[in-house]
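Please read the structure below before turning to the comments.
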Amino acid sequence: MFRTIQAALLASTVIATPAFAADVEGGQPDVIVTAQPQQGDPLVVAQARARLARTPGSVAVVAAETYEERSVTGLYDLLRDVPGVLANKRYGDESRLSIRGSGLDQSYHQRGVLLAQDGVPFADADGFSDFQKIDPLGARFIEVYKGGNALRFGGAQLGGAVNLITPNGKTAQTPFTFRAEGGSFETWRAQAAGAGRVGAFDYYAAVHSYRSDGYRQQERSGTTRGTLNLGYSFGEDSEVRLIGYAADIRQQVPGALTLSGALNNPRYAGDGVIARKQARDQTVGRITLQARLRLSDNVVFEGGAYATRTDLHHPIAIVIDQATDTQGLFGRFDVTGEFAGHKADLFVGVYYRQGGTGQEIHLNFAGQDGPRIGAARQLASGLDVFAEARLFVLPELAVVAGGSWGRATRDYRDRLSGRRDERSYDWFAPRIGLLFEHGATQVYANYTRSVEPPHFGALTQTNTSGSLFVPLDTQRARTAEIGTRGRAGAFTWDVDYYRAEVDGELLSFLPAANLPATVFNAGRTRHQGVEASLDWRFAPGFRLRQTYAWSDFRFVGDPAYRNNRLPVAPAHQYRVALRYDGAHGLFLEPFVDWRMKSVWVDYANTMKAPAYALLNASGGFAIGAATIFVDARNLLDKRYTAEFAAITDARQPGVNRAVFFPGEGRSIFGGVRFAF
Numbered sequence: 000m001f002r003t004i005q006a007a008l009l010a011s012t013v014i015a016t017p018a019f020a021a022d023v024e025g026g027q028p029d030v031i032v033t034a035q036p037q038q039g040d041p042l043v044v045a046q047a048r049a050r051l052a053r054t055p056g057s058v059a060v061v062a063a064e065t066y067e068e069r070s071v072t073g074l075y076d077l078l079r080d081v082p083g084v085l086a087n088k089r090y091g092d093e094s095r096l097s098i099r100g101s102g103l104d105q106s107y108h109q110r111g112v113l114l115a116q117d118g119v120p121f122a123d124a125d126g127f128s129d130f131q132k133i134d135p136l137g138a139r140f141i142e143v144y145k146g147g148n149a150l151r152f153g154g155a156q157l158g159g160a161v162n163l164i165t166p167n168g169k170t171a172q173t174p175f176t177f178r179a180e181g182g183s184f185e186t187w188r189a190q191a192a193g194a195g196r197v198g199a200f201d202y203y204a205a206v207h208s209y210r211s212d213g214y215r216q217q218e219r220s221g222t223t224r225g226t227l228n229l230g231y232s233f234g235e236d237s238e239v240r241l242i243g244y245a246a247d248i249r250q251q252v253p254g255a256l257t258l259s260g261a262l263n264n265p266r267y268a269g270d271g272v273i274a275r276k277q278a279r280d281q282t283v284g285r286i287t288l289q290a291r292l293r294l295s296d297n298v299v300f301e302g303g304a305y306a307t308r309t310d311l312h313h314p315i316a317i318v319i320d321q322a323t324d325t326q327g328l329f330g331r332f333d334v335t336g337e338f339a340g341h342k343a344d345l346f347v348g349v350y351y352r353q354g355g356t357g358q359e360i361h362l363n364f365a366g367q368d369g370p371r372i373g374a375a376r377q378l379a380s381g382l383d384v385f386a387e388a389r390l391f392v393l394p395e396l397a398v399v400a401g402g403s404w405g406r407a408t409r410d411y412r413d414r415l416s417g418r419r420d421e422r423s424y425d426w427f428a429p430r431i432g433l434l435f436e437h438g439a440t441q442v443y444a445n446y447t448r449s450v451e452p453p454h455f456g457a458l459t460q461t462n463t464s465g466s467l468f469v470p471l472d473t474q475r476a477r478t479a480e481i482g483t484r485g486r487a488g489a490f491t492w493d494v495d496y497y498r499a500e501v502d503g504e505l506l507s508f509l510p511a512a513n514l515p516a517t518v519f520n521a522g523r524t525r526h527q528g529v530e531a532s533l534d535w536r537f538a539p540g541f542r543l544r545q546t547y548a549w550s551d552f553r554f555v556g557d558p559a560y561r562n563n564r565l566p567v568a569p570a571h572q573y574r575v576a577l578r579y580d581g582a583h584g585l586f587l588e589p590f591v592d593w594r595m596k597s598v599w600v601d602y603a604n605t606m607k608a609p610a611y612a613l614l615n616a617s618g619g620f621a622i623g624a625a626t627i628f629v630d631a632r633n634l635l636d637k638r639y640t641a642e643f644a645a646i647t648d649a650r651q652p653g654v655n656r657a658v659f660f661p662g663e664g665r666s667i668f669g670g671v672r673f674a675f
């Protein structure tokens, strides 16, 4: 089937008129990266597309224009149009983010994808990340690098990288923006941002406040976030930039329910949740000093240093108090020119991070710290050295080769018992690919190795500080990918097939009957799938956008689970949106999200979460400098559960089946955005 689709797309390119960009008039920017810029793209977005188009693999650019006219809470709203990205809401800002099956077992927080802003990770030094730290309205555009295509950041994780780029005084859409909105669940939001230039200096500042009671009991959230981006330009294409970000986050935490509870009583918080006053409260501070220096006509250096601080108070069954500091350095040279008479380019870089967490664990006395039962210090570091070269052996055909060498350390000290454990991990992840480029069409193929060392949560297994490390190895994968992307006439497409053979996948499964279910290295697993997106601008002002993902993730000859499918990820996910853009800023966009088949919940493949289809719609119009918008979700008030944790075997007595997070019921949000 894939070969048939690809052949049809390539055939359409051959017969298409060469005036690709001229066929795209008005409307929202595309998400798909093509070899030629989209007409009407802001300069900064066009430059990002051109940079990512050098990649012989699946990538995407999501401009702020594609989501700023609807309600946005988390990554599940920002990345909904990127094919192959599994992003589901759990509650508040908390969600699941998985690309190509990365971090599938992770029932809280995130791993397997490098989540960053301006190249600076939101993760701690051990790679364990958090969604709440992100400002969902704080990006000028978002870069998505799937799988090994994240090499530009030194990334070697199975899922790749998602990088949010902060606006500055040169790239902000308008000098002043104000946004106010409200809606269901006592939700309201206000955001103000200003940007400008004074001689060689530029500035951008924004403050964003959000409050909501949430759909469920014990889901109230309140956040205030602020961003400051100061720049100084000099010479030709050179600048230094200071970026600061701070957030105060107050998020109540509802519990997971059984499947019956999630479908029949979805607003219930869960047994004991309210009495424990479950929450995840954080204060976050980040500061980055970056430089871009054009050293010559064909050499550019980009680099910087950063420091982050997070203070956490997290009452659940216990109370977790943490103070985490992380620092890092990064630098990369980009070189363009010729080699042996052929066009070529190269980047080479290094990325180092280190950090520590001081952790105390207490009994939960109605959300407050009770007697201390644990205390620990966690130290981690990571070093990546990476490079990639592209050589056009023919005018339209490039050979791409590169790789990264990495080292990670973990050092854990129990402050109550004095016991200590430490580990180090080293790896080399090579990469090779081909990129064929003709007009606005690209065809690519690559073969990549990915490596992910275990984080502290997996090594210590529980949050009690008396645990020492369990013997876990790195997760390793070899991924082959082939695909095509481009534009021809009214069509813009992005289709790829990937297959990853994974050794030692980090999964929370049961390797033997006499062991508890926790994180272990699986034997062999296989992740393969198709990621497809097709935009059709079939009439003036009309665009039909379709995205589809087929995901086949399974064990390979496992002693306990044979060739069973891995749970959590749907085998088929289809999204379709029909958008109309008319005069005076009028727009209307109904949208359907369809999980086409029920999804396995357990590794034994005995329990499923039901399939569902959701109908949503957004619309609005402009009056002068104001845009008024309405965003309606789940219009048919469907009971569903998109997000849940994995179970070992749902048939076994005593197995916890309360792992489901209910989807939100019918809701409507409205707002106004002023841009001057």
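Heads up: the sequence shown begins at 0 in numbering that gives the first Met the number 0, then just goes up one per residue.
Ideal Cβ placement from N, Cα and C applies to all residues, glycine included.
**OP:** Express the C-alpha separation of D557 and F391 in angstroms, rounding to a whole number.
**Re:** 43 angstroms
**OP:** Would you mind working out which of T54, Q250, G234 and Y202 sits nearest S220, comparing C-alpha positions?
**Re:** Q250
Subject >> Unbroken alpha helix (DSSP H) run spanning T655, endpoints >> reply: Looking at the sequence shown, residue 655 is not Thr but Asn. No alpha helix (DSSP H) holds N655; DSSP gives it neither H nor E.
**OP:** Please confirm whether A255 and S94 have their CB atoms less than 9 angstroms apart.
**Re:** no
Original post:
So is K596 buried or exposed if we call it buried at 16+ other beta carbons inside 10 Å?
Top reply: exposed
Subject >> Close-in-space but distant-in-sequence residues of the same chain around F673 (CB under 6 angstroms, 5 per side omitted) >> reply: F177, A624 and A625
**OP:** Assign N148 to one of three DSSP states: helix, strand, or coil.
**Re:** helix
Original post:
Looking only at C-alpha atoms, which of A570, F130 and Y244 sits nearest to N228?
Top reply: Y244
Original post:
Among L77, G456, V283 and G154, which one has its Cα closest to the Cα of A375?
Top reply: G456
Subject >> Close-in-space but distant-in-sequence residues of the same chain around V318 (CB under 6 angstroms, 5 per side omitted) >> reply: H361, N363 and D368
**OP:** Look at S403 and A155 and say whether their C-beta atoms are less than 9 angstroms apart.
**Re:** yes
Subject >> Spatially closest choice to I481 from L345, R196, A531 and A616, by CA coordinates >> reply: A531
Subject >> Bridge partner(s) assigned by DSSP for F130 >> reply: In the DSSP output, where bridge partners are listed per residue, F130 has none listed.
**OP:** Have a look at A621, Y75, R578 and M606 and flag the residue whose alpha-carbon is nearest the alpha-carbon of L585.
**Re:** A621
Original post:
Straight-line CA distance for I667 to G182?
Top reply: 6 angstroms
**OP:** For the beta strand (DSSP E) holding A489, just list the boundary residues, first then last.
**Re:** That residue, A489, is in no beta strand (DSSP E); it is neither H nor E in DSSP.
Original post:
How do the segment 68 to 87 and the segment 625 to 636 stand: do at least 3 beta-carbon pairs fall below 8 angstroms, yes or no?
Top reply: yes
Original post:
If you compare alpha carbons, which of A365, E359, L382 and S380 is closest to R371?
Top reply: E359
Subject >> Close-in-space but distant-in-sequence residues of the same chain around T186 (CB under 6 angstroms, 5 per side omitted) >> reply: S211
Original post:
Which residues bound the beta strand (DSSP E) around A290?
Top reply: A278 to S295
Subject >> Contiguous beta strand (DSSP E) assignments of at least 3 residues, all confined to the segment 622 to 672 >> reply: 625 to 632
Subject >> Reference G147, options Q321, P135, F140 and V161, closest by Cα >> reply: V161
**OP:** Compute the distance between the beta-carbons of A479 and V501, then report whether it is under 9 angstroms.
**Re:** no
Subject >> Sequence-distant residues of the same chain with beta carbon closer than 8 angstroms to F338, five excluded per side >> reply: L390
Original post:
Can you give the beta carbon distance from T33 to T491, rounded, assuming they're within the 8 angstroms contact cut?
Top reply: 7 angstroms
Original post:
Can you pull the DSSP bridge partners for Y305?
Top reply: T287 and G327
Subject >> Residues bridged to G314 (per DSSP) >> reply: A small correction: the amino acid at residue 314 is Pro; Gly does not occupy that position in the sequence shown. DSSP lists V318 as partners of P314.
Subject >> Per-residue DSSP class, three states only, for V206 >> reply: strand
**OP:** Pull up the distance between the alpha-carbon of S232 and that of L294, whole angstroms please.
**Re:** 14 angstroms
Subject >> Candidates Q217, R279 and V283, of which the one nearest G271 by Cα >> reply: Q217
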